[in-house]
Amino acid sequence: MSKLAVYPGSFDPITLGHLDIIERSLEVFEHLQVVVVHNPGKEPFFTPAQRVQMVTESLAERNLLSRVTVSSLDSGLLTTYAKKLGATVMIKGFRTGVDIEYELPMARVNRDLTGIETVFLPSDPGNTHISSSLVKQVAALDGEISKYVTASVIRAFKTKG
Ligand code: PNS
Numbered sequence: 022m023s024k025l026a027v028y029p030g031s032f033d034p035i036t037l038g039h040l041d042i043i044e045r046s047l048e049v050f051e052h053l054q055v056v057v058v059h060n061p062g063k064e065p066f067f068t069p070a071q072r073v074q075m076v077t078e079s080l081a082e083r084n085l086l087s088r089v090t091v092s093s094l095d096s097g098l099l100t101t102y103a104k105k106l107g108a109t110v111m112i113k114g115f116r117t118g119v120d121i122e123y124e125l126p127m128a129r130v131n132r133d134l135t136g137i138e139t140v141f142l143p144s145d146p147g148n149t150h151i152s153s154s155l156v157k158q159v160a161a162l163d164g165e166i167s168k169y170v171t172a173s174v175i176r177a178f179k180t181k182g
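When we follow this note's numbering, the leftmost residue of the sequence shown carries the number 22, and every step to the right adds one.
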């Protein structure tokens, strides 16, 4: 049984939906490693370092840093990295079937490549409309994002201008 699970994502930025998945994963796994990964299908707004900082500060706001570590992966396969960390499981949250359609082939390839299993956690029904993309759109138009992200993320948007 794996004590460590990896939770990868773009986290551009981390949302309250991601934090809910992290908190619920900690009911199943002793330790979680959040890995900020580049998604080739997306042009990020925040740099990897800024995303790691937002994740770390958001976890600190929730007092989760004793059981969650944060890192970023610049190159190479995520599963190879996860295996090096000693994880055998990867966590993916999903909001709707659309997320599953996208994630399922990756989960199968990841298992083929390194034997790493993917555990899918359904998002809380109250979070199905929250996405990093929408948060960025609302923030860019000077809208209110405090329902969707932590105070640290709000500060990061203000600093970025
Ligand atoms: O938050 P996102 O953008 O939905 O996260 C997607 C991400 C980065 C987790 C996904 O693209 C991924 O798992 N990338 C890992 C890169 C990799 O190893 N690809 C080959 C395996 S199919």
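Glycine included, each C-beta is placed from N, C-alpha and C at the ideal position.
Inset, instruction - Examine the Cβ distances between the region 65–72 and the region 104–111 and report whether three or more of them are shorter than 8 angstroms. - result: no
Legend entry - Rounded Cβ spacing between residue 125 and residue 56 (contact assumed at less than 8 angstroms): What you label residue 125 is simply residue 104 of the sequence shown in a count that begins at 1. What you label residue 56 is simply residue 35 of the sequence shown in a count that begins at 1. About 20 angstroms; that fails the 8 angstroms criterion.
Legend entry - Contact set, ligand 1 heavy atom to C-beta under 5 angstroms: The answer, residue by residue, is 29, 30, 31, 58, 60, 98, 99, 127, 130.
Legend entry - Under the three-state DSSP convention, the category residue 30 falls into: As a position in the sequence shown, residue 30 is number 9, starting the count at 1. Residue 30: strand per DSSP, three-state reduction.
Inset, instruction - Give the secondary structure of residue 141 by DSSP, where H, G and I count as helix, E and B as strand, and everything else as coil. - result: By one-based count along the sequence shown, residue 141 stands at place 120. In the structure shown, residue 141 sits in a strand (DSSP, three-state: E or B).
Inset, instruction - Using the Cα positions of residue 90 and residue 145, report the straight-line distance between them to the nearest angstrom. - result: Along the sequence shown, one-based indexing puts residue 90 at 69. Along the sequence shown, one-based indexing puts residue 145 at 124. Each residue's Cα considered, the two are about 23 angstroms apart.
Inset, instruction - Sort out for me which residues DSSP pairs residue 175 with in a bridge. - result: As a working note, residue 175 is residue 154 in the sequence shown. Looking at the DSSP assignment, residue 175 forms no beta bridge with any residue, so it has no partner.
Legend entry - Which of helix, strand or coil DSSP assigns to residue 96: For the purposes of this step, residue 96 is taken as the residue at position 75 of the sequence shown. Reduced to three states, the DSSP call for residue 96 is coil.
Legend entry - For residue 147, the three-state DSSP class (helix, strand or coil): Counted from its first residue, the sequence shown places residue 147 at position 126. Residue state, collapsed to three classes: helix.
Inset, instruction - State the beta-bridge partners of residue 112 as determined by DSSP. - result: Here residue 112 refers to the residue found at position 91 when the sequence shown is read from its first residue. Paired residues: 140.
Legend entry - Residue of 104, 94, 37, 106 minimising C-alpha distance to residue 82: Taking the sequence shown and counting its residues from 1, the one referred to as residue 82 is at position 61. For the options 104, 94, 37, 106, the alpha carbon positioned closest to that of residue 82 is the one of 37.
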